[in-house]
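Protein chains in written order, with my numbering: chain L, 1 to 247; chain R, 1 to 247. From the three backbone atoms N, C-alpha and C, an ideal C-beta is built for every residue, glycine too.
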DNA sequence: CGCAGCTTTGAGTGTGATCAAATACGGTGG
DNA sequence: CCACCGTATTTGATCACACTCAAAGCTGCG
């Protein structure tokens with residue numbers, strides 16, 4: 001069975017701050033060989049753990065293909081999805097360079113990552129060419145985290161979901177894909193956990209968004225038909241409710 | 001009228017990583033003098049803005065007395081309290097040393113802060129004596145933010161409030177005060193915003209906690225009577241509900 | 001003394017959770 | 001290739017938690 005059955009397109013990792021290092025480590029030959037993986041590359045299947053919360057930070061992992069979810073577990077054992085990573089994102093990169101991972105990373109599908117030793121990252125921070133890219137990465141993450149906190153804290157379910165969809169679309173746009181096509185690598189449950197909802201609510205809202213013509217969605221394939229409409233939902237909860245006119 | 005009417009006790013800033021620098025800048029004489037404030041010190045009254053989100057980061061502000069709330073405003077204008085700072089905490093210290101403040105800081109009461117120029121902070125990061133303290137500070141902040149996200153995302157109101165009270169008590173303990181006495185510098189509204197609730201819910205829960213003997217509370221004075229009980233509430237939502245037996 | 005802001009408490013409602021069942025899909029093995 | 005099974009998803013019915021609206025009390029301050 002081929003490893004990557006989902007037909008991931010050629011990685012467009014031009015956004016990855018470490019793309020130079022990636023090219024050196026491993027090399028494309030490792031991609032085609034089914035032999036033991038060359039150093040600097042990690043292959044994961046759905047559900048595999050890239051690294052676990054609390055374990056020493058040995059490396060960071062730019063995603064080359066596939067998808068990763070970041071899962072945080074509180075000290076009482078409550079678990080919550082705290083982020084999604086796709087091609088071009090750097091997984092495991094954290095502010096303050098803590099000695100241990102502050103969250104776990106789990107593959108959502110067949111996924112391939114580079115592996116940059118943490119010492120090498122420290123070196124890259126001195127590189128005036130890489131430092132801004134890395135810091136920009138960290139800033140975007142922090143910003144998203146803050147927006148998420150506000151969303152979960154005070155926005156309605158429909159607003160939160162609209163926010164996520166717009167966010168995912170914006171990520172796609174950063175990669176140059178602007179047609180509104182999205183492939184949701186994560187399950188409804190992952191989305192629900194990320195947004196502080198239940199999977200039923202997410203499913204119902206997606207159906208509702210579709211029924212009013214904001215999106216088309218079938219399983220993991222999603223297309224944003226009306227971005228402006230979604231933005232209005234994000235801004236105004238009244239515009240779309242779980243139960244409203246047209247039921 | 002004296003500036004500090006609330007009778008803040010002598011600052012026990014032994015936790016502040018910058019306490020050495022504080023002592024040099026300004027000096028205690030500035031405290032007693034009603035003359036113009038010496039450089040390196042900032043005095044605020046309730047509601048005053050220490051710094052605003054998006055403005056350039058010029059300095060960090062260790063709190064010497066009083067209280068500060070951190071307020072984040074999303075790009076759509078949704079505001080949420082994202083943290084509280086008291087004596088010994090360092091306000092404005094952020095990971096990645098971003099060029100602009102990622103949130104605002106507003107005084108909750110009459111407050112006095114030191115003012116450490118940001119360049120000086122950069123220097124301190126090289127100091128092997130200060131760096132661990134500063135990074136520990138940042139790590140605690142990040143950890144609290146993550147716990148808060150999980151709490152708001154998936155815990156009941158009573159659990160969230162119990163968490164905050166235990167957190168505040170733990171902070172007091174770090175300062176050496178272990179009798180469970182707390183003075184809430186923030187309003188019910190601030191607490192509600194921080195926890196993703198409404199002020200009525202917070203008020204009702206405090207009353208309920210009191211009625212079952214977990215705490216005593218009168219306005220801003222709060223005493224934790226049964227820390228273990230609170231911890232159980234934090235772990236198990238069933239233990240205390242907004243509406244339950246004994247109404 | 002009166003005003004303004006904060007807090008408490010009450011009554012009613014709505015959103016989203018919970019419980020439950022049916023369906024569809026993907027992977028596996030016969 | 002097809003039957004099977006576990007997982008993911010959809011949809012429905014009901015319920016509870018927390019929000020909303022409302023009013024009154026308390027505190028501090030001018």
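Scanning its chain for C-beta atoms nearer than 8 Å, with the 5 sequence neighbours on each side dropped, one finds around residue 52(R) the residues 101 and 104, in chain order.
Pairing residue 197(L) with residue 205(L), the inter-Cα distance amounts to about 11 Å.
Nearest neighbour of residue 89(R) by Cα position, chosen from 159(R), 146(R) and 139(R), turns out to be 139(R).
For residue 65(R), the enclosing beta strand (DSSP E) starts and ends at 59-65. Residue 152(R) and residue 142(R) have their alpha carbons spaced roughly 15 Å apart. The C-beta of residue 72(R) comes closer than 7 Å to at least one C-beta of chain L. Annotation for residue 84(R): the continuous beta strand (DSSP E) segment containing it runs 79-86. Residue 99(R) and residue 210(R) have their C-alpha atoms some 45 Å from each other.
Between the stretch 119-129 of chain L and the stretch 215-230 of chain L there are fewer than three C-beta pairs closer than 8 Å, too few to call the two in contact. For residue 145(L), the enclosing alpha helix (DSSP H) stretches over residues 131-154.
Counting along the chain, residue 70(L) sits inside the beta strand (DSSP E) bounded by residues 68-73.
Taking CB atoms only, residue 240(R) has no neighbour in chain L less than 7 Å away. Close CB contacts of residue 189(R) within its chain, under the 7 Å cut and outside five residues either way in sequence, are with 199 (chain order). Counting along the chain, no alpha helix (DSSP H) covers residue 94(R), and no H or E run does either. Between residue 154(R) and residue 80(L), the beta carbon gap of about 6 Å places them in contact (Cβ cut-off 8 Å). For the 7 Å CB-CB criterion, residue 185(L) and residue 108(L) form a contact. Under the DSSP definition of a beta bridge, residue 43(L) partners with 112(L). Residue 51(L) is bridged by DSSP to 105(L). Of the residues assessed, residue 125(L) falls on the exposed side of the cut-off, its CB having fewer than 16 other CB atoms within 10 angstroms. Close to chain R, meaning a Cβ-Cβ distance shorter than 8 Å, are the following residues of the stretch 132-149 of chain L: 135, 138, 139, 142, 143, 145, 146, 147, 148 and 149.
Along the stretch 102-114 of chain R, going in chain order, the ones with a CB nearer than 7 Å to a CB of chain L are 102.
The three-state reading of DSSP puts residue 163(R) in helix, counting H, G and I together. One thing to note: residue 169(R) has its Cβ no nearer than 7 Å to the Cβ of residue 234(R). In the DSSP assignment, residue 182(L) falls outside any alpha helix (DSSP H) and within the unbroken beta strand (DSSP E) covering 181-183. By the 16-neighbour rule on beta-carbons within 10 angstroms, residue 111(R) is buried.
For the pair residue 223(L) and residue 216(L), the CB atoms are nearer than the 7 Å cut-off. The beta carbon of residue 203(L) sits closer than 7 Å to those of 188, all from its chain and outside the five residues before and after it, given in chain order. DSSP lists no beta-bridge partner residue for residue 195(L). When the Cα atoms are used, residue 175(R) and residue 16(R) turn out to be separated by approximately 11 Å. In this structure, residue 50(R) sits near residue 61(R), with a CB-CB distance shorter than 7 Å. Listed along chain L, the residues sitting closer than 8 Å to residue 76(R) by beta-carbon distance are 234 and 235. For residue 148(L) and residue 83(L), the gap between their C-alpha atoms comes out near 10 Å.
In the DSSP annotation of this structure, the continuous segment of the alpha helix (DSSP H) that includes residue 233(L) starts and ends at 227-235. For the stretch 158-192 of chain L, there are no residues whose beta carbon sits under 8 Å from a beta carbon of chain R. Residue 95(R) sits away from residue 137(L), with the two beta carbons spaced by 7 Å or more. From the beta-carbon of residue 95(L), the residues of chain R found nearer than 8 Å are 95, 96, 138 and 142.
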